[in-house]
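Which chain is which? The protein sequence lines are A and B, in order.
Reading the first sequence from the start, the letters are residues 0 to 279 in numbering that gives the first Met the number 0.
Reading the second sequence from the start, the letters are residues 0 to 279 in numbering that gives the first Met the number 0.
Where is the CB? At the ideal position from N, CA and C, for every residue including glycine.
So the structure is just underneath, and the comments pick up after that.
2 protein chains.
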Amino acid sequence: MDTKSNEKLIIGVIGGKGAMGKLFADAFTDLGCKVIISDIDTEITNKELASNSDIIIISVPIRKTREVIREIVPFVKKGSLLTDLTSVKEMPVEEMTKAKDCEVVGGHPLFGPSVGLKNQNFIICKERTGEIYKEYISLLERLGIKIIYMSVAEHDMQMGVIQGLTHFSNITLGNTLQNIGYDIEKGESISSPVYLMRLYGVGRILDQDPELYSDIQIENKYARELAKKYVESSKQICDAVNAKDKESFEKIFNKSKDYFKKINKKSMKKTDDMIKAINN
Amino acid sequence: MDTKSNEKLIIGVIGGKGAMGKLFADAFTDLGCKVIISDIDTEITNKELASNSDIIIISVPIRKTREVIREIVPFVKKGSLLTDLTSVKEMPVEEMTKAKDCEVVGGHPLFGPSVGLKNQNFIICKERTGEIYKEYISLLERLGIKIIYMSVAEHDMQMGVIQGLTHFSNITLGNTLQNIGYDIEKGESISSPVYLMRLYGVGRILDQDPELYSDIQIENKYARELAKKYVESSKQICDAVNAKDKESFEKIFNKSKDYFKKINKKSMKKTDDMIKAINN
Numbered sequence: 000m001d002t003k004s005n006e007k008l009i010i011g012v013i014g015g016k017g018a019m020g021k022l023f024a025d026a027f028t029d030l031g032c033k034v035i036i037s038d039i040d041t042e043i044t045n046k047e048l049a050s051n052s053d054i055i056i057i058s059v060p061i062r063k064t065r066e067v068i069r070e071i072v073p074f075v076k077k078g079s080l081l082t083d084l085t086s087v088k089e090m091p092v093e094e095m096t097k098a099k100d101c102e103v104v105g106g107h108p109l110f111g112p113s114v115g116l117k118n119q120n121f122i123i124c125k126e127r128t129g130e131i132y133k134e135y136i137s138l139l140e141r142l143g144i145k146i147i148y149m150s151v152a153e154h155d156m157q158m159g160v161i162q163g164l165t166h167f168s169n170i171t172l173g174n175t176l177q178n179i180g181y182d183i184e185k186g187e188s189i190s191s192p193v194y195l196m197r198l199y200g201v202g203r204i205l206d207q208d209p210e211l212y213s214d215i216q217i218e219n220k221y222a223r224e225l226a227k228k229y230v231e232s233s234k235q236i237c238d239a240v241n242a243k244d245k246e247s248f249e250k251i252f253n254k255s256k257d258y259f260k261k262i263n264k265k266s267m268k269k270t271d272d273m274i275k276a277i278n279n
Numbered sequence: 000m001d002t003k004s005n006e007k008l009i010i011g012v013i014g015g016k017g018a019m020g021k022l023f024a025d026a027f028t029d030l031g032c033k034v035i036i037s038d039i040d041t042e043i044t045n046k047e048l049a050s051n052s053d054i055i056i057i058s059v060p061i062r063k064t065r066e067v068i069r070e071i072v073p074f075v076k077k078g079s080l081l082t083d084l085t086s087v088k089e090m091p092v093e094e095m096t097k098a099k100d101c102e103v104v105g106g107h108p109l110f111g112p113s114v115g116l117k118n119q120n121f122i123i124c125k126e127r128t129g130e131i132y133k134e135y136i137s138l139l140e141r142l143g144i145k146i147i148y149m150s151v152a153e154h155d156m157q158m159g160v161i162q163g164l165t166h167f168s169n170i171t172l173g174n175t176l177q178n179i180g181y182d183i184e185k186g187e188s189i190s191s192p193v194y195l196m197r198l199y200g201v202g203r204i205l206d207q208d209p210e211l212y213s214d215i216q217i218e219n220k221y222a223r224e225l226a227k228k229y230v231e232s233s234k235q236i237c238d239a240v241n242a243k244d245k246e247s248f249e250k251i252f253n254k255s256k257d258y259f260k261k262i263n264k265k266s267m268k269k270t271d272d273m274i275k276a277i278n279n
């Protein structure tokens, strides 16, 4: 795409004062696009933005997404592209497709606002695509972003594991240590590297925004199902341990060991590197 | 201690052909001690070793420890030191104290046989100490080992967290991924760093010996109790998630967040370093 065609586009970012919204608004401005934003305290309302933009990007917290989409659906400009930047895809895409006479894609940048855009992964779920969609993808590519295409269901299943299950496991360990009143600092002084890696990983998650993590766990139906599977697995292993049933424990261990064979060499290498990094 | 006094000592290592037993047997030999070993296929039996050694070190798998100690207790040389290198302490110390007229300490090297001895942590639980005990500690210090003193109960509680709970959490995640048949390689290509750190951590544990891990989980009564606490915590969080009860989820999250405050800056720094290490 050349600058001429981009100059014609108006890109509207709802939530344009948030860290992620601002990152994209500024980046598109730098590419020569006309960018307008709406946010809680802007003069432009979400409805005005929707009726005036060629690309409407919704960048609000997950828990606000449904109500924001419902608010703007009647006002979306004919022939425009409606898209979002949310960590779940089923709910927003379902809501966005209620807008008629416009293109619709779901989007999920797989990175936080602090790392910049270049070489970062960005999942796109194509729903109703046309000319404006092509312009949008071209803009993202000009920002150095790597696009990964996926269906809505595949996205939410993958994120149910990568975000949901991973965070669930970290939050559970953090909560257990808190419940038993464990002395973290004492533990650090006599710990094994594997424990330290785990402890710092939990600490990183618990330093974040609780609302984001509750949205990731609760708004993604696969994450909710995976939490149940995780509890079942932990209960099964715990039962074997408390029955002192070494045979059952080792059977579970060996099945998982076998399943992990594909990445065991890589795991040793990568964790060796991680251990060196925390020992420095 | 000077070499003269060490020359008088006979150190016997039961399980002296295993990786850990051999590491210590060789190290004491290098210090000028007279070292004898017994193992499954040695000419010297465990009983002969026990009746001829001034320091008797039991270095066998946890599941063999009780029977080996019971076998040698009637033969332990009067005035000698009986000690072990096992990852649990209540069970072996209880068994070793049944030997009369000898000194008894529990020992746990907090490292694997591949990393050498210098600057490594080694927990000692003093039970019945005297002159030979002093010689043993002096030898360990000459090897560059750092001694940490702890009661038997404190050791097993700490290891219940550092080994038991940490491994339990890793094994549970590995088992959940295996149960759902998740495509690890697909996940790697679109993963977040926090997920990758977690995945490789699980891969490292599952690459090890299942018997060691089943012994660590099952022979330590604190590890067994902590597994129950972990299941309770995961169930409580899972229930909040599946009831879509964001308030309860965030309350749990915030309590843990508050508890982790002491190490949150460190966690961010250390995990940033770990992320850099896996991206290389």
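Cutoff 8 Å: Ile217 (chain A) Cβ touching any chain B Cβ = yes
Proximity test, Cβ basis, 8 Å: Asp272 (chain A) and chain B = At a cut-off of 8 Å between C-beta atoms, Asp272 (chain A) counts as an interface residue with respect to chain B.
Are Arg127 (chain B) and Glu102 (chain B) closer than 8 Å when you measure CB to CB?
-> A Cβ-Cβ contact shorter than 8 Å links Arg127 (chain B) with Glu102 (chain B).
Within its chain, find whatever has a CB closer than 6 Å to the CB of Met95 (chain B); leave out the 5 residues flanking it on each side and keep chain order.
-> Ile68, Leu81, Val103
Measure the beta-carbon distance from Ile56 (chain A) to Asp83 (chain A) and round it to whole angstroms, keeping in mind my assumption that it falls under 8 Å.
-> 7 Å
Nearest-angstrom Cα separation, counted from Lys117 (chain B) out to Ile136 (chain B) = 14 Å
Along the beta strand (DSSP E) that carries Glu83 (chain B), what are the first and last residues, could you check?
-> For the record, residue 83 (chain B) in the displayed sequence is Asp; it is not Glu. Here the beta strand (DSSP E) through Asp83 (chain B) covers 80-83.
Contact set for Ile36 (chain A): own chain, Cβ-Cβ below 6 Å, skip 5 residues either direction | Val12, Gly15, Ala24
From which residue to which residue does the beta strand (DSSP E) around Ile57 (chain B) run?
-> Its beta strand (DSSP E) spans residues 54-57.
Neighbour-count burial assignment, Pro73 (chain B), 16 or more Cβ in a 10 Å radius = Using a 10 angstroms sphere on the CB of Pro73 (chain B), the tally of other CB atoms stays under 16, which defines it as exposed.
Taking the runs of the alpha helix (DSSP H) that are 4 residues or longer, which of them lie wholly in the segment 125-202 of chain B?
-> 130-141, 151-158, 165-179, 183-188
Using the beta-carbon of each residue, which ones in chain B are nearer than 8 Å to Gly186 (chain A)?
-> Simply Gln157, Val160, Ile161.
Starting from Ser37 (chain A) and walking both ways along the beta strand (DSSP E), at which residues does that stretch end?
-> 33-37
Taking Cβ-Cβ distances below 7 Å as the criterion, which residues of the segment 104-121 of chain A are in contact with chain B?
-> Leu109, Asn120
Which residue comes first and which comes last in the beta strand (DSSP E) that contains Gly106 (chain B)?
-> 102-108 is the span of the beta strand (DSSP E), which, as asked, contains Gly106 (chain B).
From B:Val230, B:Leu198, B:Ile131, pick the residue whose C-alpha is nearest to that of Ile262 (chain A); which is it?
-> Of the candidates B:Val230, B:Leu198, B:Ile131, B:Leu198 places its Cα closest to the Cα of Ile262 (chain A).
Go to Val12 (chain B), then tell me how far its beta strand (DSSP E) extends in each direction, as first and last residue.
-> Its beta strand (DSSP E) spans residues 9-13.
Given Gln216 (chain B), which residues of its chain have a CB within under 8 Å of its CB, disregarding the five upstream and five downstream residues?
-> Gly163, His166, Phe167, Ala222, Arg223, Ala226
Hey, Val151 (chain B) and Lys88 (chain B) are a contact pair by Cβ (cut 8 Å); roughly how many whole angstroms apart?
-> 5 Å
Which chain B residues sit within Cβ distance under 8 Å of Cys101 (chain A)?
-> The contacting residues do not exist; Cys101 (chain A) stays about 27 Å from chain B at best.
If we call anything under 8 Å between Cβ atoms a contact, is Met90 (chain A) one with Glu218 (chain A)?
-> yes
Val230 (chain A): contacting residues in chain B (beta-carbon distance under 8 Å) = The contacting residues are Val230, Ser233, Lys234, Cys237.
Contact set between Ala18 (chain A) and chain B, taken where Cβ atoms lie within less than 9 Å = Chain B residues near Ala18 (chain A): none, gap ~17 Å exceeds 9 Å.
Hey, quick one: how far does the alpha helix (DSSP H) through Phe248 (chain B) stretch, first residue to last?
-> Note, Phe248 (chain B): alpha helix (DSSP H), 245-258.
With 8 Å as the C-beta to C-beta threshold (strictly closer), list the residues of the segment 189-217 of chain A near chain B in chain order.
-> Ile189, Ser190, Ser191, Val193, Tyr194, Leu195, Met196, Arg197, Leu198, Tyr199, Gly200, Val201, Gly202, Arg203, Ile204, Leu205, Asp206, Pro209, Glu210, Tyr212, Ser213, Asp214, Gln216, Ile217
So is Tyr148 (chain A) buried or exposed if we call it buried at 16+ other beta carbons inside 10 Å?
-> exposed
How about Gly281 (chain B): is its C-beta nearer than 8 Å to some C-beta of chain A?
-> Only positions 0 to 279 of chain B appear in this structure, which leaves residue 281 (chain B) out of reach.
Reference Lys77 (chain B), options B:Ser86, B:Ile54, B:Ile61, closest by Cα | B:Ile54
Would Lys97 (chain B) be called buried (16 or more neighbouring beta carbons within 10 Å of its own) or exposed?
-> exposed
Specify, as a first and last residue, the run of the alpha helix (DSSP H) that Phe74 (chain A) falls within.
-> That residue, Phe74 (chain A), is in no alpha helix (DSSP H); it is neither H nor E in DSSP.
Measure the alpha-carbon distance for Gln177 (chain B) versus Asn169 (chain A) and round it to whole angstroms.
-> 18 Å
Might you give, ordered along the chain, the residues of its own chain that have their beta carbon closer than 6 Å to the beta carbon of Thr281 (chain A), omitting 5 neighbours on each side?
-> The requested residue 281 (chain A) is not part of the displayed model; chain A covers only 0 to 279.
Near Ile144 (chain B), what residues of its chain come up, given a Cβ to Cβ distance below 7 Å and the 5 sequence neighbours on each side ignored?
-> Leu116, Gln119, Phe121
Between the C-alpha atoms of Lys7 (chain B) and Glu134 (chain B), what's the straight-line distance to the nearest angstrom?
-> Taking the straight line joining both Cα atoms gives about 11 Å.
Closer than 7 Å by beta-carbon distance: list the chain B residues that pair up with Tyr181 (chain A), in chain order.
-> Val160
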